[in-house]
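Student: For reference, the structure I am asking about is given below.
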Amino acid sequence: METPLLNTTQLGYELDGKAILKGITLSVEEGEFLTITGPSGSGKSTLLKIIASLLSPTEGTVSYQSKPIDDYEPTDYRKEVSYCFQTATLFGETVKDNLMFPFVIRDQPFNEKKALDALKKVGLGAEYLTKSVNALSGGEKQRVALIRNVLFMPKVLLLDEVTSALDHENQEIIRNLIRNLNHEQGVTILWVTHNAVEIQASNRIIQLVNGEMEEPK
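Under our numbering, the residues of the sequence shown are numbered 227 to 443, in order.
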C-alpha cells in the first residue's frame with residue numbers, strides 16, 4: 227500500500243474553550259479529488275487552514291510526504307500545498323503584481339508568456355495584466371487569485387468555498403480549471419463546498435458534523 231501524500235492524525239482544535247475539531251484522522255492519496263462538506267460552523271475551513279499551516283492544531287499532527295508539516299520551511303511547504311481563500315485576496319496595484327509573486331519567491335525572473343497563458347485559461351485577456359486590482363469584479367479577482375496559486379503547479383490545492391460568492395459563469399470557469407488540474411496535471415484537490423456539482427466532480431466525500439468526521443460507506 228502506498229504511503230498517503232497527506233495525513234492528519236487525531237487532529238483537534240479549540241477556540242475560546244470550544245472544540246471546533248475533534249479527533250480528525252484523514253489520509254489523502256496523491257491525485258485524489260476530495261470534497262469536504264458539512265453545516266456552517268462544523269470546522270471545514272479550520273481543517274483546511276490547519277492543513278495549509280495557517281493555524282496550529284490544539285492536538286494531533288499533520289504530515290505531508292510522511293514528514294510533519296512543522297518540519298518544513300513555511301515558504302517551501304506552501305509551494306507544495308497551496309491554499310485559496312473563499313474571498314480572493316489580491317495585493318499590489320495590478321494583476322501583474324500578483325502574478326509576479328510566485329516568480330519572486332522562487333528567485334526566478336518574471337515570465338510574461340507564462341502569466342498570459344494562465345490568464346487565458348480562465349478567460350482573461352492580455353489586457354488584464356496591467357489592470358488595477360480595484361477595477362476587477364469579484365469573479366475576476368477569484369480567477370486571478372487562483373491562477374496565482376497554480377502558476378507553478380502545487381502538489382496539493384486547498385479550496386475554501388472558492389465559488390460560493392460567484393455567478394454561474396465564473397463558477398464554471400473555475401470548476402473547469404480545477405477539474406483539469408486534477409485530471410490532466412494530477413494535482414491533489416481538497417475542496418470545501420456545499421455545491422452539488424462540485425461534490426459530484428470529486429472521487430471521495432467526507433462530511434464534518436460538530437467538528438467530527440463522517441465518511442460515506
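Built from N, CA and C at the ideal position, the CB exists for glycine as well.
Quick caveat, the model's predicted, so the values are computed rather than measured.
Could you tell me which of T284, S253, G249 sits nearest to Y239, measuring between CA atoms?
Tutor: To locate residue 239, count along the sequence shown from 1; it is residue 13. Of the listed residues, the one whose Cα sits closest to Y239 is T284.
Student: Whole angstroms are fine: how far does the CA of T229 sit from the CA of D296?
Tutor: Position 70 of the sequence shown, counted from the start, is the residue given in the question as residue 296. Position 3 of the sequence shown, counted from the start, is the residue given in the question as residue 229. Approximately 19 Å between the Cα atoms of the pair.
Student: CB I399 to CB R369, shorter than 8 Å?
Tutor: Mapped onto the sequence shown, residue 399 falls at position 173. Mapped onto the sequence shown, residue 369 falls at position 143. Cβ distance < 8 Å, so I399 and R369 count as in contact.
Student: Compute the Euclidean distance between the alpha carbons of G267 and S363, then round it to the nearest angstrom.
Tutor: To locate residue 267, count along the sequence shown from 1; it is residue 41. To locate residue 363, count along the sequence shown from 1; it is residue 137. So the two alpha carbons sit approximately 28 Å from each other.
Student: Counting beta carbon pairs with one atom in the segment 301-311 and one in the segment 367-387, are three or more of them shorter than 8 Å?
Tutor: The segment 367-387 is in contact with the segment 301-311.
Student: G238 bridges to which residues according to DSSP?
Tutor: Position 12 of the sequence shown, counted from the first residue, corresponds to residue 238. DSSP lists E285 as partners of G238.
Student: If you compare alpha carbons, which of S358, V359, L342 is closest to G351?
Tutor: Here residue 351 refers to the residue found at position 125 when the sequence shown is read from its first residue. Checked all of S358, V359, L342; the closest Cα to G351 is L342.
Student: Indicate the three-state DSSP secondary structure (helix, strand or coil) for L372 in the structure shown.
Tutor: One-based indexing of the sequence shown puts residue 372 at position 146. It is helical.
Student: Would you kindly report the start and end of the unbroken beta strand (DSSP E) that includes L453?
Tutor: Residue 453 cannot be examined here, being either before or after the span of the chain that is shown, 227 to 443.
Student: Suppose only complete runs of 4+ residues qualify. What are the alpha helix (DSSP H) ranges in the segment 243-291, listed by chain order?
Tutor: Here the runs fully enclosed are 270-277.
Student: Using 8 Å as the threshold, is the C-beta distance between I432 and I246 below it?
Tutor: On the sequence shown, residue 432 is found 206 positions in, with the first residue counted as 1. On the sequence shown, residue 246 is found 20 positions in, with the first residue counted as 1. Going by C-beta atoms, I432 is not nearer than 8 Å to I246.
Student: On a Cα-Cα basis, can you pick out the residue from F317, V288, L241, G269 that is closest to M439?
Tutor: Mapped onto the sequence shown, residue 439 falls at position 213. The candidate whose alpha carbon is nearest that of M439 is G269.
Student: Using 8 Å as the cut-off, can you tell me whether the segment 388-403 makes contact with the segment 315-328, which would need three or more C-beta pairs spanning the two stretches below that distance?
Tutor: The segment 388-403 is not in contact with the segment 315-328.
Student: Helix, strand or coil, according to DSSP, for L316 in the structure here?
Tutor: In the sequence shown, the residue the question calls residue 316 occupies position 90. It is coil, neither helix nor strand.
Student: Given Q349, which residues of its chain have a CB within under 7 Å of its CB, disregarding the five upstream and five downstream residues?
Tutor: Taking the sequence shown and counting its residues from 1, the one referred to as residue 349 is at position 123. Before going further, note that residue 349 is Gly rather than Gln in the sequence given. Excluding positions up to five away in sequence, the list reads I399.
Student: Pick helix, strand or coil for N402, following the three-state DSSP scheme.
Tutor: For the purposes of this step, residue 402 is taken as residue 176 along the sequence shown, with counting starting at 1. Helix, per DSSP.
Student: Just mark K367 as buried or exposed, buried being the case when its beta carbon has 16 or more other beta carbons within 10 Å.
Tutor: As a first step, residue 367 must be located in the sequence shown, where it is residue number 141. Its Cβ being crowded by 16 or more others within 10 Å, K367 is buried.
Student: Could you work out which residue in L403, P294, F327 is closest to K347 when comparing CA atoms only?
Tutor: Working through the sequence shown from its first residue, we reach residue 347 at position 121. Nearest option by C-alpha distance: L403.
Student: Which first and last residues belong to the beta strand (DSSP E) in which V423 is found?
Tutor: On the sequence shown, position 197 is the one that residue 423 refers to. Not the beta strand (DSSP E): V423 falls in the alpha helix (DSSP H), residues 422-427.
Student: Beta-carbon separation of S253 and V418 under 8 Å?
Tutor: Position 27 of the sequence shown, counted from the start, is the residue given in the question as residue 253. Position 192 of the sequence shown, counted from the start, is the residue given in the question as residue 418. For S253 and V418, no; Cβs fall outside 8 Å.
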